[in-house]
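Taking it in order: structure first as structure tokens, then the write-up.
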Amino acid sequence: MIAKQLDSNRLERTDGWGQVVHAVDYVYRPTTVAGIQDVLTLARDTGRSVGLRGGGISYGDASVNAENILLDLSRMTRILDWNPETGIIDVEAGVTMRDLWRYVVGDGWWPNVVPGTMFGTIGGSLAMNVHGKNHWQSGTIGDHTLEFDAVLPNGDCITCLPDETPDLFQSIISGVGLFAIVTRARLQLKRIYSGRLKTTSHTVPDLKSLLTLMDAQKDDSDYLVGWTDCFAKGDTLGRGQVDATVALAAGKDPLPTQTLRLAFQDVSDTIFGVIPKSILWRVARYATNNVGIAWLNRAKYWAGKLQHGKQALNSYAAANFMLDYVPHWKKAYLPGGLLQHQSFLPKATSEQAIREMLTLCQARGYPSYLGVIKRHPADDKYLLGYSLDGFSLAMDFRVTARNRAELLQLMYDLDDIVVAAGGRFYFAKDAHLRPESVSASLGAERMQTLIALKRQYDPANLLQTNLSRRLFGKQFQVQSKT
Amino acid sequence: MAQSISENALNQRPKAIVVGASSGIGEALSHKLAAEGYRVALLARRLDKLEAVATAINQAQGADVAFAVQHDVLEFDTVPQVLQDVTAKLGGLDLFIYNTGTQTPNDPERYDPTGDIGMINVNVNGAIAWLSPVAARFQKAGGGHIVGIGSVAGDRGRRPMPGYGTSKAALHAYLEALRNRVRRYGVTVTTIKPGQIETEMLKANADKTVGAIPVEQGADLIYAAIKKKRQVAYIPFKWQIVSLVIQHIPSFIFHRLPI
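Chains as they are written, first to last, in the numbering used here: chain V, 906 to 1387; chain P, 22 to 280.
Printed below as a string of structure tokens:
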């Protein structure tokens, strides 16, 4: 069977961020490229696969590799070079978005693309090709990556530039860690002239107005995000709020040096000045049920109405990292954890598909506790591109010991709506997709390219995760020599 | 054979290892676990018998949920490697059952140190070689369930079976110690104490049987105890009363009794 034994002391329990996925893996945390190569050698000697993990904030099983090696790059945290004149930065893969923005904001720069939480690493962000609330305007993180270094499964180190090796560049970025291990990236950041953003909130009475307003706002906003009350039914189905945010132009902030300071950006760790946010999830636990969350959604909607049309100034950190506002909020979903269903839909079918999905969830008795809608551009560039010219809907569900079977069936039925609408899925959020849904949404051509590239760069199928085995297990199986 | 199952976070089969799965309680329990949705690794010395059990389970379930791994519990040094390989093949581990046990024929007159030491090796040392790394693993994982198959024979030192009784008493103590060690990490340890269950071992060793139950019924009862996360369970329950009585017979009477 296996040639060499692994060190059992390396065994650690690793969880998906949503706390639905749990695994035990042999975890290695090297700090150098040589250390990574040693782990690859060890994997070959012991007949194990290697999964990649950064911040560990993928919701499902994208960063766990049960009973195999998990290469955790979160200790590669050096910032190698920073030029505040050009806004070009070189970082190791384990540098987090938090490390990055905190390092550069004082010089008047900000990452072009940040996801809703700052605790992901740059390596993980590239593997998932993350987007932000400015997806329509600014694309994905891959679009602002000038070059990166990566270790291939055979141990070779390469440098990838978008123009020189486009196929590798576009498949390692978005490739969910299936092709190579990114060790360093050079990113172009963007100039900002204030540490604050101006957000205008609009309350909308139904789904149609929500989508119409987002479409109308998309070219005039730097950041755009929609929230929907997934409990609203009938005429009010899809009611919610659209937050359109613009950056302040040069000279509009009278005191940029002050708003660009870390002290201004750092999100307060208390609410009302006295209540520590760290205890909020313990309180929220009692509301994390259909009744409590229905009232919270209702309250948010009506509170939003009072703010309708008003403008507010927020720090970049507060406006971008909404998921970090309440620390450890995922724990409010314990013990069963949290499952997210995120789908990307073409514009033509978006309204109908979102309507069907919201209605189906309600009919089954599992209305989503949080509904987020965003506007996205088409993406035909990256291998595992998930984005379409249209809208995305993200929904959160609470998993319990009793609802697992029903919830899973609901997920499958939602997937079918998405596939029928010509939509796609995003693997950083996924814990449940079936291979057939993924093949159908990616299309035969992309699947063939994916398999061909995997066979070319990782013929031994060394780089795997629970997610890759679940979604592509059969296709990636090593061809036995006959 | 039927297709493999596309598992995800919500429909994962729990994973179990049964050491001593080629016959008797281990075989029946493996069938029961598979029927309850487990993926099961079957370990024992006799590969042909083990493969037959695996095939029967997979046919009954219509899916590839059981596989056979040849292993001799007396090869203590190989256990860490086998554990790594088997958990890799299973894709995890939620339940570990040490069922392997051997018994020489009951005889109140015969002295048999070789046979007694042999039983200690299989029933105790083999168990320690497995239970220890499994407990360490479950402690790290923050959860898991260990089950040891002891015996009512371990509750009192009895005339016809000094070696067997000692081995089971030692196993009970070891399991109890592990339970006290790993419970705070969310790990459950269950000691199963079967009375008389109709197995090859019973037929070969006991001169007479008292109300023995079929092995399938025994497996059902053991599974129920596992599911309830019992600390100690007599199978079937009536043996708890019998054992209670036997444990409280004063020594000056007990040494006069032919049990």
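Note that CB positions come from ideal geometry on N, CA and C, so glycine has one too.
Less than 8 Å separating the beta-carbons of TYR1317(V) and PHE1249(V)?
Not a contact, by the Cβ cut-off of 8 Å.
Using three-state DSSP, classify SER1220(V) as helix, strand or coil.
Here SER1220(V) sits in strand by DSSP.
Using 8 Å as the cut-off, can you tell me whether the stretch 96-108 of chain P makes contact with the stretch 122-141 of chain P, which would need three or more C-beta pairs spanning the two stretches below that distance?
Too few Cβ pairs lie closer than 8 Å, so no.
If you measure beta-carbon to beta-carbon, which residues of the stretch 940-968 of chain V are closer than 9 Å to chain B?
Protein chains V and P are contained in the structure displayed, whereas chain B is not.
If you compare alpha carbons, which of GLY999(V), GLY1100(V), LYS1038(V) is closest to ARG1088(V)?
It is worth fixing the name first, because residue 1088(V) is Thr in this sequence and not Arg. Comparing Cα-Cα distances from THR1088(V) to each of GLY999(V), GLY1100(V), LYS1038(V), the minimum goes to GLY999(V).
Let me confirm a value: GLN924(V) is counted as buried when at least 16 other C-beta atoms fall within 10 Å, else exposed. Which label applies?
Label assigned to GLN924(V): buried.
Just verifying my parser: in three-state terms, what is the DSSP assignment at GLN1122(V)?
Looking at GLN1122(V) - three-state DSSP - the assignment turns out to be helix.
Under a Cβ-count criterion, where at least 16 other Cβ atoms within 10 Å of its own Cβ denotes burial, should ASP1171(V) be classed as buried or exposed?
By the neighbour-count rule (16 or more Cβ atoms within 10 Å), ASP1171(V) is not buried but exposed.
Taking the beta carbon of LYS1379(V) as the centre, do at least 16 other beta carbons fall within 10 Å, making it buried, or is it exposed?
Label assigned to LYS1379(V): exposed.
Going by other Cβ atoms of all chains shown within 10 Å of its Cβ, with 16 needed for buried, is SER1043(V) buried or exposed?
Answer is buried; the Cβ neighbour count reaches 16.
Please report the straight-line C-alpha distance between ALA109(P) and THR951(V), rounded to a whole angstrom.
Spanning the two alpha carbons is a distance of roughly 11 Å.
If you run the structure through DSSP and keep just helix, strand and coil, what is MET1300(V)?
It is a strand residue.
Starting from ALA948(V), trace the alpha helix (DSSP H) in both directions and tell me its first and last residue.
Start and end: 938-951.
To which residues of the same chain is SER968(V) closer than 6 Å at the C-beta, ignoring the five residues directly before and after it?
Counting only Cβ-Cβ distances below 6 Å, and skipping sequence neighbours, we find ARG958, GLY961.
In three-state DSSP terms, what is GLY1241(V)?
Three-state result, GLY1241(V): coil.
Compute the Euclidean distance between the alpha carbons of ASP106(P) and HIS276(P), then round it to the nearest angstrom.
Roughly 48 Å separates the two Cα atoms.
Is there at least one Cβ from chain P nearer than 8 Å to PRO932(V)'s Cβ?
The residue asked about is misnamed: residue 932(V) is Val in this sequence, not Pro. Chain P contact via Cβ: absent.
Below 8 Å on C-beta distance, what does VAL926(V) contact in chain P?
The contacting residues are ALA30.
Please name the residue, chosen from THR1150(V), THR1141(V), SER1106(V), GLY1143(V), that lies closest to ASP1125(V) on a Cα-to-Cα basis.
Of the listed residues, the one whose Cα sits closest to ASP1125(V) is THR1150(V).
Give me the Cα-Cα distance between ASN1039(V) and ALA1224(V), rounded to the nearest whole angstrom.
Looking at the two C-alpha atoms, the distance is approximately 12 Å.
Quick check on ASN988(V): does DSSP put it in helix, strand or coil?
Residue state, collapsed to three classes: strand.
Below 8 Å on the Cβ atoms is my guess for ILE234(P) versus PRO257(P); work out the distance and round it to an integer in Å.
Sure, about 6 Å apart at Cβ, within 8 Å.
Suppose the cutoff is 7 Å on Cβ atoms and the five residues either side in sequence are ignored; what does the same chain contact list for LEU265(P) look like?
There are no such residues.
Answer yes or no: does any C-beta atom of chain V fall closer than 8 Å to that of GLY175(P)?
Taking Cβ atoms only, chain V never reaches closer than 8 Å to GLY175(P), which makes this a no.
In whole angstroms, what separates the C-alpha of THR919(V) from that of THR991(V)?
Each residue's alpha carbon lies about 39 Å from the other.
Whose Cβ in chain P lies nearer than 8 Å to the Cβ of GLU917(V)?
Within chain P, the residues near GLU917(V) are LYS161.
SER913(V) CB to nearest chain P CB: under 8 Å?
Answer yes: the Cβ-Cβ gap between SER913(V) and chain P drops below 8 Å somewhere.
For GLU990(V), go through chain P and note every residue whose CB falls closer than 9 Å to its CB, in chain order.
By Cβ distance, chain P contributes nothing, its closest Cβ being about 47 Å from GLU990(V), past 9 Å.
Do GLY965(V) and VAL926(V) have their C-beta atoms closer together than 8 Å?
Yes, the pair counts as a contact, with Cβ atoms nearer than the cut-off.
Taking DSSP as the reference, what is the three-state secondary structure of MET906(V)?
In this predicted model, MET906(V) has a pLDDT of only 43, less than 50, meaning its place in the structure is not dependable enough to derive any value.
Determine the contact status of VAL145(P) and LEU196(P), defining contact as a CB-CB distance below 8 Å.
No, they are not a contact pair.
Note down, in chain order, every chain P residue with its Cβ under 8 Å from the Cβ of ALA1336(V).
ASN29, ALA30, LEU31, listed in chain order.
Taking buried to mean at least 16 other C-beta atoms within 10 Å of its own C-beta, is THR1387(V) buried or exposed?
Note on THR1387(V): pLDDT 40, under 50, position unreliable in the model; the coordinate value appears next. Label assigned to THR1387(V): exposed.
What separation, rounded to the nearest whole angstrom, lies between the Cα atoms of ILE46(P) and GLY83(P)?
Using only the alpha carbons, I get a separation of about 22 Å.
Measure how close the beta-carbons of ASP1301(V) and SER1273(V) come, nearest whole angstrom, since I'm counting them as under 8 Å.
Indeed they touch by this definition, with Cβ atoms about 6 Å apart.
Could you round the C-beta distance between LEU1073(V) and CYS1065(V) to whole angstroms and report it? I think they count as a contact, below 8 Å.
Yes, they are in contact, since the Cβ atoms of LEU1073(V) and CYS1065(V) sit about 5 Å apart, within 8 Å.
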